[in-house]
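Here's the structure we're looking at; comments come further down.
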Amino acid sequence: MTTALPPPLPSHPVLRLRLAPRSGMPRPIDGAWWPRSYDLLAELPSLLSGLPRAWGHVTSVTVNGATWPAAPGRMLVSNQVVRLHRALAASAPHTVVLLAPGRGRWDLLVVPPDTTEEAAEPLMAAAASDQE
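Numbering that gives the first Met the number 0 puts the first residue of the sequence shown at 0, with every later residue one more than the last.
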């Protein structure tokens, strides 16, 4: 008798990221990211590695300091230094700002990690919509 084993779990969880289509006009939000925790050191490497190559190397990341716990001022991601900033502005509590010199700035909506899939899906779809 042979017992079927369940398929192995992926070694890295799937990145939960949706990006808006590129257009010539600036957008207030360029997509949505749904991290699994508020541990920036654990979550940021997978986000940055999942971004389009056309975005170039992101050297600076700004998160809301009231939402994300303290993190060091910089970290090494894929052998490149990324500076981490914590803003205390209340105007965008659920966003992350990514900067790549010479390439641009991208603002992503951050769906809170404890959000259910049913609630997260419409938020991510709206943030990635091609309608301004």
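All residues carry an ideal CB built from backbone N, CA and C; glycine is no exception.
It is roughly 7 angstroms from the alpha-carbon of P92 to the alpha-carbon of T66. In the same chain as D106, and ignoring 5 residues on each side of it, the C-beta atoms closer than 6 angstroms to its own belong to I28, D29, T94 and V96, in chain order.
Per DSSP, the continuous alpha helix (DSSP H) segment holding L39 begins and ends at L39 to S48. Taking C-beta atoms as the reference points, S48 and S77 count as a pair closer than 8 angstroms. Nearest to G103 by C-alpha distance, out of H84, S59 and A69, is S59.
The beta carbons of A19 and A86 sit about 22 angstroms from each other, so the pair does not count as a contact at 8 angstroms.
The criterion of a C-beta distance shorter than 8 angstroms is satisfied by W32 and V109.
Rounded to the nearest angstrom, the Cβ distance from V62 to L98 is 12 angstroms, too far for a contact under 8 angstroms. In the DSSP assignment, L83 falls within the beta strand (DSSP E) that extends over Q79 to A86.
Contact between L40 and A70 holds, since their C-beta atoms are separated by about 6 angstroms, short of 8 angstroms. In the three-state reduction of the DSSP assignment, R26 falls in the coil class.
In its chain, beyond the 5 residues on either side, R85, A86 and L87 have a beta carbon closer than 7 angstroms to the beta carbon of G64.
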